[in-house]
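What follows is a set of notes on a single structure, which appears directly below.
Numbering (my numbering), first residue to last: 3 to 334.
Pasting the structure below:
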């Protein structure tokens, strides 16, 4: 018979306690998921009211509230290209009651540009479910005389630095869209960052700024009214809402830009709670009625499940690392 050492006698009770503790934590997580949500849920949007992420967040919030029988409060926390909103989520309680409708800017672009962010996007934030993606449209004030991408590029080459463009902030996908075009066309235009896309668009309409890349949805009424001129769209194919407008890629092969949105939670949020959120949010945005309503706003609904969304975010992080290096974009 094998003799048991004093150490093994001490370890056995400890291992039993550890196993019991693990089971207890798992049971608590399951219980929390079963009761979720038992109080109001807060969704922060890292963009200004009227922006595409804001439209999507409010659409989702209303329907989640109806389904959960709990208030879902949508708050806008724009500024610093999404850093404030992302940092706020990173420091929130990991219980599923604080969520973020985040886009590529503060999640996959800025971490490749700006050192010393107050959060680590890959460590502190958990992708829960993808919600949608959009193309941009390059718009100009009519007084510029630009009617095509070629007009804009020709003027930029003739007067380097004299033409300016707006964006939703330093490190925003709108800025990156223009930086990609600058690289492909060999032009230099001056960047004017704003606290959100709609604010920049208003100054383009007012003639304070010449051009900008903006989401198709918010720009569409102003294009139709003649207050803005659509020069080109940013996707691989022409946009369904602007079929008469060429893509930038028709002039510069391989050009592609846009942005995506998804729901994020703080790290260490219990997985059963994440599963409950992802299941309901994914079901809502994948419904035919949602797809049609969001498409009318220029948003392509996605609803990819958590694992697929995590893979997408990871791939986008690496893709933007290469783009940022190629175009030489730096923090301003």
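Cβ coordinates follow ideal geometry from the N, Cα and C atoms, glycine included.
Per DSSP, residue 169 is one residue of the beta strand (DSSP E) stretching across 166-169.
Rounded to whole angstroms, the gap between the alpha carbons of residue 324 and residue 117 is 16 Å. In this structure residue 284 is in contact with residue 131, their Cβ atoms being roughly 5 Å apart against a cut-off of 8 Å.
Proximity to residue 302 across 326, 226, 260 peaks at 260, based on C-alpha coordinates. Going by C-alpha positions, residue 332 is about 44 Å away from residue 69. Only exposed fits residue 210, as fewer than 16 other CB atoms lie within 10 angstroms of its CB. Two segments are said to touch when three or more pairs of C-beta atoms, one from each, lie closer than 8 Å; by this definition the stretch 108-124 touches the stretch 76-85.
One thing to note: residue 55 has its Cβ no nearer than 8 Å to the Cβ of residue 266. In this structure, the straight-line span from the alpha carbon of residue 197 to that of residue 171 is close to 6 Å.
In this chain, the alpha helix (DSSP H) harbouring residue 89 covers 85-92.
Residue 188 is classed as exposed because its beta carbon has fewer than 16 other beta carbons within 10 Å across all chains shown. According to DSSP, residue pairing for residue 129 in a beta bridge involves 266. Taking C-beta atoms as the reference points, residue 103 and residue 72 fail to come closer than 8 Å. Beyond the five residues adjoining it in sequence on each side, residue 57 comes within less than 6 Å, by CB distance, of 299 in the same chain, given in chain order. By the Cβ rule, the stretch 153-170 does not count as touching the stretch 119-139, because fewer than three pairs are nearer than 8 Å. A straight-line Cα-Cα distance of about 30 Å links residue 190 and residue 242. Closest in alpha carbon position to residue 319, among 96, 112, 101, is 112. The criterion of a C-beta distance shorter than 8 Å is not satisfied by residue 175 and residue 311. By alpha-carbon distance to residue 304, the top candidate from 316, 281, 36, 326 is 281. Proximity to residue 173 across 157, 119, 156, 220 peaks at 119, based on C-alpha coordinates.
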